[in-house]
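Residue numbers (the working numbering): 16 to 439.
Virtual Cβ for every residue (Gly too), placed ideally from N, Cα, C.
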Ligand code: AMP
Ligand code: GLY
């Protein structure tokens with residue numbers, strides 16, 4: 016089977032790496048991909064918002080299965096575009112239609128959906144641009160800190176957590192005045208949930224589902240969860256507190272009602288569903304839905320899948336996931352993201368990256384790298400993810416922090432405490 020992965024980050028590199036191991040694969044393409052994906056796939060240069068160009072590539076390379084990495088093309092209707100086109104209709108596709116992608120594309124839609132299907136989540140209310148006074152009144156009914164979310168896609172930056180009502184009021188004003196562009200036309204204000212977060216990944220065909228290895232993401236830039244939010248500085252899988260009892264509650268109270276809700280809304284959801292969960296005293300609550308895999312969680316999750324991911328993806332697209340069995344590696348996977356100095360604020364690009372030969376045998380995924388004049392250089396905030404498998408978080412940490420020294424670029428920064436908070 017010829018497969019096309021759409022996207023260019025560490026997540027897509029990890030998915031490509033895993034699919035490249037499949038016996039069912041004939042040829043793998045990644046568009047636009049990066050220097051990491053080019054080791055296991057052929058990169059095709061495109062702009063992922065250009066659906067007509069994607070069509071051209073699919074026909075030219077006889078692609079039989081498309082896997083979409085990021086949310087944007089899904090929210091913008093790439094799946095709908097395929098369904099509406101006679102030549103593309105029968106191409107297998109992993110990713111929901113735009114109606115399903117609203118679970119991520121509109122926080123208001125997601126909250127309404129959760130309330131309608133009785134899925135545990137933080138109490139909330141939604142306000143439009145002319146409802147500033149009502150929004151303030153609602154915040155007064157909540158306790159600090161205050162959680163304010165722009166309704167639409169804001170490249171992972173649309174959430175503000177304010178410690179005081181004063182701060183929340185001025186943040187709210189900025190959002191309604193357009194700080195996040197159109198994404199902030201509506202805002203969701205919600206109760207702050209206290210607990211530990213984890214990321215759950217479900218692959219579904221609309222009727223059946225499989226729960227992939229779960230992971231914990233480290234979002235803040237600094238050790239001890241200090242400093243500003245990033246796209247993610249590292250990940251660990253499995254998550255020790257996600258034991259059988261907790262996962263049973265997740266399945267019964269969250270996964271099954273979500274999939275049933277999607278069917279009742281007439282959404283034929285085929286693809287990945289990422290459920291951001293908060294563990295509040297042993298009870299799971301949904302923080303958010305995403306209609307894709309997480310990044311950097313995927314870099315820890317893929318190495319723990321022993322069975323053939325491509326076979327699972329084909330089954331998800333065909334509606335035959337009931338025929339598949341997921342096999343997980345019981346090992347721990349730990350991922351550390353190497354980032355540019357200054358990230359998530361301003362940072363410079365184009366710095367040469369040196370990777371020692373010994374790393375050839377290790378699991379290394381590229382996120383923000385490119386080739387310039389024949390050499391590998393940095394091209395983004397998150398540059399390279401290293402993943403280590405081992406029998407414990409401690410063992411993974413020992414190995415991975417040795418390996419970090421084998422990769423170098425100017426200004427390189429990383430967290431030194433990935434996994435510390437969930438060691439048992
Ligand atoms: P979201 O984009 O909805 O995932 O929000 C980004 C981050 O903000 C989450 O990963 C949480 O760390 C935090 N967050 C969002 N909603 C809440 C909430 N209701 N209570 C506590 N933290 C939250
Ligand atoms: N790591 C969180 C995300 O992908 O949204």
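Checklist entry - What first and last residue would you give for the alpha helix (DSSP H) that runs through residue 459? => result Limits of the chain in this structure are 16 at one end and 439 at the other, which puts residue 459 out of reach.
Checklist entry - How about residue 111: is its C-beta nearer than 8 Å to some C-beta of chain C? => result Checking the listed chains, one finds no chain C in this structure; it contains a single protein chain.
Item to check | Integer-rounded CB distance, given that residue 249 should sit under 8 Å from residue 350 | outcome: 5 Å
Item to check | Secondary structure, alpha helix (DSSP H): runs of 4+ residues fully inside the region 81-145 | outcome: 87-90, 93-98, 113-120 and 122-131
Checklist entry - Measuring from the CB of residue 87, is there a heavy atom of ligand 2 at a distance below 7 Å? => result no
Next on the checklist: According to DSSP, simplified to helix, strand and coil, what is residue 243?
Outcome noted: strand
Item to check | Where the beta strand (DSSP E) through residue 224 begins and ends | outcome: 224-226
Checklist entry - Should residue 335 go down as buried or exposed, given a rule of 16 or more other Cβ atoms within 10 Å for buried? => result exposed
Item to check | Residue environment, residue 417, which counts as buried when at least 16 other CB atoms sit within 10 Å | outcome: exposed
Checklist entry - Residues with a Cβ closer than 5 Å to any heavy atom of ligand 2, in chain order? => result 232, 247, 309 and 310
Checklist entry - If you draw a straight line from the alpha carbon of residue 47 to that of residue 305, how long is it in whole angstroms? => result 22 Å
Checklist entry - Where does residue 236 sit, in a helix, a strand or coil, going by DSSP? => result strand
Checklist entry - Which whole-angstrom value is the C-beta distance of residue 211 and residue 294, which I expect to be below 8 Å? => result 5 Å
Next on the checklist: Here's a check: name, in chain order, each residue in its chain whose Cβ is nearer than 8 Å to the Cβ of residue 359, leaving out the five neighbours to either side.
Outcome noted: 236, 243, 244, 245, 246 and 396
Checklist entry - Taking just the CA atoms, how far does residue 63 sit from residue 281? => result 27 Å
Checklist entry - residue 108 to residue 410, Cα distance in whole Å? => result 38 Å
Checklist entry - Name the DSSP beta bridge partners of residue 412, please? => result Answer by DSSP bridge pairing: none, since residue 412 is not bridged.
Item to check | Sheet register partners of residue 378 (DSSP bridge) | outcome: 402
Item to check | Beta-carbon spacing of residue 308, residue 429 below 8 Å | outcome: no
Item to check | Beta-carbon proximity check, residue 217 vs residue 142, cutoff 8 Å | outcome: no
Checklist entry - Is residue 314 near ligand 1, judged by its Cβ being under 7 Å from some heavy atom? => result no
Next on the checklist: Just to confirm, is the Cβ distance from residue 41 to residue 17 under 8 Å?
Outcome noted: yes
Next on the checklist: Using the Cβ count rule (16 or more neighbours within 10 Å means buried), how would you classify residue 115?
Outcome noted: buried
Checklist entry - Closer than 7 Å: is that where the CB of residue 291 sits relative to any heavy atom of ligand 1? => result yes
Item to check | Residues bridged to residue 360 [DSSP beta-bridge criterion] | outcome: Note: residue 360 sits in no beta bridge, so no partner.
Checklist entry - Residues bridged to residue 231 by DSSP? => result 251
Next on the checklist: In this structure, how does DSSP classify residue 66 when only helix, strand and coil are distinguished?
Outcome noted: helix
Checklist entry - Just how far apart, CA to CA, sit residue 239 and residue 28? => result 28 Å
Item to check | Spatially closest choice to residue 91 from 104, 110 and 339, by CA coordinates | outcome: 110
Checklist entry - Quick one, which of 181, 228 and 207 has its alpha-carbon nearest residue 343's? => result 228
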